[in-house]
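Visitor: Let me begin by handing over the structure; questions about it come next.
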Amino acid sequence: MRAVTIPQPGGPDALVWAEVPDPEPGPGEVIVDVRASGVNRADLLQRQGHYPPPPGASAYPGLECSGVITEVGADVAGWAVGQQVCALLSGGGYAERVAVPAGQLLPVPACDSVDAAALPEVACTVWSNLIQVGRLSAGDTLLVHGGGSGIGTFAIQFGAALGATVLTTARAAKHDRLRELGAAHTIDYREQDFAEEVRRVTDGRGADVVLDIMGASYLGRNVAALATGGRLVVIGMQGGRKAELDLGALLTKRASVSATSLRARPLAEKAEIVQGVRDEVWPMVTAGAIRPIVDRRLPMAEAAQAHRLVESNEHFGKVVLTIG
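For the record, in the sequence shown the residue sitting at position 18 is 47 according to our numbering, with numbers rising by one throughout.
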């Protein structure tokens, strides 16, 4: 088969579309012939040499895909050759075929089967962090940073579908589309202090949950934006790794700060998250409350161009790589 390889870490041109050995299904795994794969920032970090795949995972980038099951390994129940699926991966999505643990498979929901490749990683990340960690519920106020990203566009829709009031930060050019997705208030992070804006639009109360992709550079303002009992959930470090935390402010608000990642979790934890997404999120997709937001599709062999686009932050939603 062919796959996008990384012979040496580097810029987008480090990605090489090459012939590689076919994967073999291990116990509890299936082989999926890939139709499309979503591009995530973790793929960019892997290409740069900063985010290696966990032990035992494919060396090729790609944390989600859609396609068709073509082989079923031992000890797999409930899945069969010929089924259209999408999947959460630990790696290997930028390829013509990939081995997937059965617990990380999802049926293609009520959307285009190519666009379905844009859902598993963001759906699992958002559901696990907003529900399992952030305990988001109807009536809460949710602040989503990076509203125009794949995570952001999904989190806005999910929060709105759940009955939360969603606030989001993004470039001003993206605000109209973010309001169409369900954002009640949009904040231009380049021109406005988001913590002040959150307090202003909530009459000083603050946000119950903050979903943050920035990390260090936003830590102080995120805490300032929290409501009493608020939960800050950090899922990215685009703004750095280290910052000073005012524990007094946290104590006064009886608030919490959590940080999570998804890729290296044990298989059982991933399977639990995938099942939660299937039970609670897929019905929202079927009902039309959530849809995959795809900026554009590019051929898998043009993965370098897809990475340049994501690095530019000019895209809205997800970039999807396609085969065939």
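Ideal Cβ positions, reconstructed from N, Cα and C, are used throughout, including at glycine.
Could you tell me which residues DSSP puts in a beta bridge with glycine 96?
Guide: Bridge partners of glycine 96: Val63, Val114.
Visitor: Please name the residue in Ser246, Thr154, Val306, Gln77 whose C-alpha comes closest to that of glycine 181.
Guide: Thr154
Visitor: Once the 5 residues before and after valine 63 are set aside, which same chain residues still bring their CB inside 7 angstroms of it?
Guide: Cys94, Gly96, Gly122, Ala124, Glu125, Arg126, Val127, Ile352
Visitor: Can you find the residues in the same chain that come closer than 6 angstroms, C-beta to C-beta, to tyrosine 218, ignoring five residues on each side of it along the sequence?
Guide: Result list for tyrosine 218: Thr198, in chain order.
Visitor: What did DSSP end up calling arginine 229 once you bin it into helix, strand or coil?
Guide: DSSP places arginine 229 in helix when its eight states are reduced to three.
Visitor: Could you tell me which residues DSSP puts in a beta bridge with isoleucine 216?
Guide: Thr198
Visitor: Count the C-beta pairs between the stretch 32–51 and the stretch 75–85 that are closer than 8 angstroms, then say yes if the count reaches three, no if not.
Guide: yes
Visitor: Which residue marks the beginning of the beta strand (DSSP E) containing arginine 76, and which one marks its end?
Guide: Premise fails: arginine 76 lies in the alpha helix (DSSP H), 70–76, not in any beta strand (DSSP E).
Visitor: Following the continuous beta strand (DSSP E) through arginine 325, name the residue where it begins and the one where it ends.
Guide: Per DSSP, arginine 325 is one residue of the beta strand (DSSP E) stretching across 323–328.
Visitor: From which residue to which residue does the alpha helix (DSSP H) around glutamate 301 run?
Guide: 296–305
Visitor: Proline 50 to proline 90, Cα distance in whole Å?
Guide: 15 angstroms
Visitor: Going by DSSP, which residues form a beta bridge with tryptophan 46?
Guide: Val33
Visitor: Mark glycine 85 as exposed unless 16 or more other C-beta atoms lie within 10 angstroms of its C-beta, in which case mark it buried.
Guide: Exposed is the call here.
Visitor: Can we say the stretch 242–258 touches the stretch 169–177, given the rule of at least three CB pairs closer than 8 angstroms?
Guide: yes
Visitor: Does the Cβ of glycine 265 have 16 or more other Cβ atoms within 10 Å, making it buried, or fewer, making it exposed?
Guide: Buried.
Visitor: Note down, in chain order, each residue of its chain lying with its Cβ closer than 8 angstroms to the Cβ of alanine 318, except the 5 sequence neighbours on either side.
Guide: Gln186, Ala189, Ala190
Visitor: Is the number of C-beta pairs between the stretch 331–341 and the stretch 223–235 that are closer than 8 angstroms three or more?
Guide: no
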